[in-house]
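Read through the structure below, which is laid out as structure tokens, and then see the notes.
Numbering (my numbering), first residue to last: -18 to 145.
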């Protein structure tokens, strides 16, 4: 329901949804894309000139109960650093990784230089069933898969093997 309502509103503002990604909209002027808008459930990200973003944000805030938070700094576990002078965007999940280490009580773990820690085989140990029941293993694997899709494709092989 929310997505359909938002879609109708964005189309009324002149946005066109991409066929390849229904969470991405473009605003066109004279055949050029002048603004992008991404939708992830109820998180929206506007990309364009400050003036254009402010105008669209104002229209959205008057129609929906939204918070306009200004320039993006952190979104969905990803830190976003925009340097307009250099025309660069830098994405980092370092803070998300730190949060995972804290949440899963691994702040004091010993890091390794490579995803598999120098060994090609993940050792299979026998673990007491009570340990397995208390370990949020699926949650850990899901969090690692999110890292793979966001900024850490280098750990994809290990995460896939751990999830088996």
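From the three backbone atoms N, C-alpha and C, an ideal C-beta is built for every residue, glycine too.
> Among all the DSSP beta bridges, which residues are the ones paired with residue 45?
Replying inline: Note: residue 45 sits in no beta bridge, so no partner.
> Based on the DSSP secondary-structure assignment, which residues constitute the bridge partners of residue 17?
Replying inline: 7, 28
> DSSP puts residue 69 in a beta bridge; with which residues?
Replying inline: 64
> Can you tell me whether DSSP reads residue 128 as helix, strand or coil?
Replying inline: helix
>> Checking the sheet assignment: what are the DSSP bridge partners for residue 56?
In response: 59
> Which two residues bound the contiguous alpha helix (DSSP H) that contains residue 22?
Replying inline: Looking at the DSSP string, residue 22 is not in any alpha helix (DSSP H), and its letter there is neither H nor E.
>> Suppose you measure from the CA of residue 133 to the CA of residue -3; what does that come to, to the nearest Å?
In response: 31 Å
> Mapping DSSP to helix, strand and coil, what is residue 119?
Replying inline: helix
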